[in-house]
Every structure is written in structure tokens, then in C-alpha cells.
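Per our numbering, the sequence shown starts with residue 483, numbered consecutively.
All residues carry an ideal CB built from backbone N, CA and C; glycine is no exception.
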Amino acid sequence: MNFVEELRWRGMLHDSMPGVEEKLQTGMVSGYIGFDPTADSLHVGSLAQIMTLIHFQQAGHKPFVLVGGATGMVGDPSGKSQERNLLSADKLQHNLNGIQKQLEKFLDFKNGENRAEIVNNYDWFKNFSFLDFIRDAGKHITVNYMMAKDSVKKRLEGETGMSFTEFSYQLIQGYDFYYLWKNRNCVLQMGGSDQWGNMVTGTELIRRKDQGEAFALTTQLIKKADGSKFGKSEGGNIWLDPLKTSPYQFYQFWLNAGDDDAKSYIRIFTLQKQHEIEALETEHDAAPHLRVLQKALAKDITIRVHGETEYEKAVKSSEFLFGNVGIEFLNELDHAETEALFAGVPNFNINKAELEQGVAVIDLLAEKSKVFPSKGEAKKMIQGGGVAVNKIKTTPDAVFTSQNLMNQKYLVVQKGKKNYFLLIAH
């Protein structure tokens, strides 16, 4: 199966210029995808493009990763309703370093003729004067051509208009393609379908300037089955950086996918073969409540991004909250991991010195913290057997001390089966 066929059966292919498949069958082809350096981590919204590059490399082709050190200073108007803040050179360099480390988990940068390479467009733009640029690039692309792009039309129709800086973005991205075509024999640009206009500016510049041939291929923009945006949770982006999104939260993001989404995601975001995925789907459809697809998806991608150890910890964390893993598990986690596990769970600070003396459970839950709004409600639910502290049902006369703290810092309170609270001793 060739590269384009691989994308097609996985539901990733959106469009390609005529001649792309034929070109890819002539031997090793060099192609690239550009990544936005506005943060020091990629997020799951970038994963579809990373997977595209993996398939490209596995098909024997050479992937280039272009990080937009120069274009990050300008800002791409595609799909944007307003101009974004520009980044300083120091911030950009910090972001580029973080992105490169993450990409090394996915692509082979060391072995073989088709080893991946990272390029930064700041390297060829930093000494490129404005006069040189408008002479070498600007004269080959007409304003009429640039104005016809959807990304430009939408911004001009809006209230804020469009700065010349952003208007020039497609020409700058087009020159990236020209530079890589000219200097690195890069004949294919790939990216999301919202990038089509910028891509064909590049192929047009190559054709008009050097009468050369180059190609563009776009992938589907990922949307959830209900039409909402993929890649965000209630807390914002789902990042690949474990300090921004914990491995547990990352795992849960995939585990919580709906059935229709899971069927799409497992094709796009894993490298499992067609027959393996079809077997998983058959197993899943026989017992959807077991969430076979979601578990396979979450396992595959969490291991790829965070490694086996963090995956196992994420599974155990999930079982701790929703299954039968005992409270001792908290002692295996550091404080940051514990608080990430309980992110989104109401938490209250309590006085560790007071705990040394012992605090009655009703005072602890209704006075020292606000797990209950009143002592009466606390007592009533405790008497009914509906409250557990550190996974053990408590009684109205129980007293807690610092000896009860997990990891010397935490008490875990449950009201009913699903309502958790974290008490943090300081």
C-alpha cells in the first residue's frame, strides 16, 4: 500500500494536486509539513500532521519538519478572525527547542537516507532584505491572485480587516516551499485542508519563478462526530507536554471519546493495520460498554507520547478513581502527579498542625473544609454509610490525624460513589 492509499483508507486524505501519486511512485520523494511555534509544546491538534509524516517516512520518503521561526513572527490568517500577538526571538527559540524534542519521539532523525530533518525558516529569512524579497518573490505573484484566497476574503469582510503583515503570510509560506524545492529537492508540501491556499501559492511561485514542478497534498481537519472542535477539553488544549497536560489527563481524553469518534481516531492516530482495527471494531460492537476501541486507542497513543511507565500509571490512576485500586497507590505518586490525578476535583486546604492534635470527621468535612455545607448534613450522610475517607467508610465518631495522610499530605474524601474531594494539608 502506498502513502496516498494509506491516508485514504484511514480517512485522512482531503485533496491532492494531479500527479502526486505518480510522483510518489518514482522513488524516494522529499516532502514537508510546517508547524506553528507559538507554544513550546505541540498539542493533539498537531498529531494528525505528525502521523502524516510518520506514514510518509514509513513509505520510504524523506520528511522535513519546517518550524516557522520567521512565520511565527508574522502570523497565519488562515481560519483566524483576528491578528495574533507576535513572538519575540527568544520566545520563539525556546518554543522551537521544545517542539523538536517532541517530534523526535515520532520520527527517525538518525537512520537511513530518508531520515527526518528539521528546518527553521528563520534561517533563510533572517538575512533576506525586504527589497530582495519583493524582487525575488513578490513580483511573481499578483495581488489579484492573493486577494482571491478564502483566508484573505474572510478577513477583509470582517470588522478588524487585515494588516499587510498577515496579508504577506501566504507569500512568505510560498517562498518557504520555493526555498526547500530549490535547495533541498523538496517537491511536496503537506498540511491540513485549511492550508491549501498557502500551499498552492508555493507551487505557483516555483512554476512562475523557475518553471519548476511541485505538489501539494492536504489532510482532513479533525472534527468530533458532533461537529465540535477536536483537541480541546474543558481545561483548554490537550498538550503533548506532560507538564501542561498530565499523562493521566491525556489518557482520559482518548478514553472518553465517543464510539463514532473512537472509530475515526484509531485510524488516524495509531499505526495499527486495517485488519487489526476491523477486529477491534467487531469486538467493540459486540459489547460497547467495555469500550474496547477507546482503551486500545488510549493505550497506543499514550505509550507513543509518554511511554509505557506513564501509561501504566494512568491506567492505575483511572482504576483508583473508578475501580478497585487501593488508597496505597497514592504513595507511589509524587505530589505533582497526585494533584494532576485530582485535577478538576474540588480541593480544600487544611491545617496540618491541627491534624497533629486530631480532628473529628464531622468538623473536618463541614468546618475545616467545605465538603459539606453543614455539620448536620455531614453527620446524616456519614450515618447512612455514604462517606469514605481514604477509601474506607467512616463513622460519625471518627477522628483523623496526620497519621492518616497519604503521602504525608492528602486525605481523599468520597461522597457516594463518584463525588471526590481532595484535602491538602499544609
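- With fewer than 16 other Cβ atoms inside 10 Å of its own Cβ, residue 867 counts as exposed.
- Around the Cβ of residue 679, a 10 Å sphere holds 16 or more other Cβ atoms; the residue is buried.
- Cβ atoms of residue 829 and residue 906 come within 8 Å of each other, at about 6 Å.
- For the 8 Å CB-CB criterion, residue 661 and residue 721 do not form a contact.
- Per DSSP, residue 679 is one residue of the alpha helix (DSSP H) stretching across 678-692.
- Annotation for residue 891: 817, 906 and 907 place their beta carbon closer than 7 Å to its own, counting only its chain and skipping 5 residues before and after.
- Between residue 663 and residue 696, the gap from beta carbon to beta carbon is short of 8 Å.
- Excluding the 5 residues flanking it on each side, residue 792 has same chain C-beta neighbours closer than 6 Å at 729, in chain order.
- Non-local C-beta neighbours of residue 799 in its own chain, meaning closer than 7 Å and more than five positions away in sequence, comprise 730 and 823, ordered along the chain.
- A residue is called buried when at least 16 other Cβ atoms come within 10 angstroms of its Cβ; residue 545 meets this threshold and is buried.
- With a beta-carbon spacing of about 5 Å, residue 713 and residue 526 fall inside the 8 Å limit used to define contacts.
- Under DSSP, residue 545 forms a beta bridge with 513.
- Taking 8 Å as the cut-off, the Cβ atoms of residue 613 and residue 519 do not count as close.
- Taking residue 845 as the centre and dropping the five residues before and after it, the same chain places the C-beta of 857 closer than 8 Å to its C-beta, in chain order.
- Boundaries of the alpha helix (DSSP H) around residue 838: 834-839.
- In this structure, the beta-carbon distance from residue 775 to residue 763 falls below 8 Å.
- Counting along the chain, residue 633 sits inside the alpha helix (DSSP H) bounded by residues 632-639.
- The C-beta of residue 511 has 16 or more other C-beta atoms within 10 Å across all chains shown, which makes the residue buried.
- Take residue 881, set aside five residues on each side of it, and the residues of its chain with a beta-carbon closer than 6 Å to its own are 840 and 842, in chain order.
- CA-to-CA, the gap between residue 889 and residue 643 works out to about 55 Å.
- Excluding residues up to 5 positions away in sequence, 672 and 701 lie with their Cβ nearer than 6 Å to the Cβ of residue 534 in the same chain.
- Non-local C-beta neighbours of residue 743 in its own chain, meaning closer than 6 Å and more than five positions away in sequence, comprise 706 and 707, ordered along the chain.
- Spanning the alpha carbons of residue 514 and residue 629 requires a straight line of approximately 25 Å.
- In this structure, residue 539 lies near residue 596, with their beta-carbon atoms less than 8 Å apart.
- According to the DSSP assignment, residue 610 belongs to no alpha helix (DSSP H), since it is labelled neither H nor E.
- Residue 869 is a Cβ neighbour of residue 897, given a cutoff of 8 Å.
- Straight-line spacing of the CA atoms in residue 653 and residue 640 works out to 22 Å.
- Assignment of residue 501 by DSSP, reduced to helix, strand and coil, places it in the coil class.
- Your pair residue 651 and residue 687 does not check out as a contact, with CB atoms roughly 14 Å apart and the cut at 8 Å.
- In this structure residue 625 is exposed. Its beta-carbon is surrounded by fewer than 16 other beta-carbon atoms within 10 angstroms.
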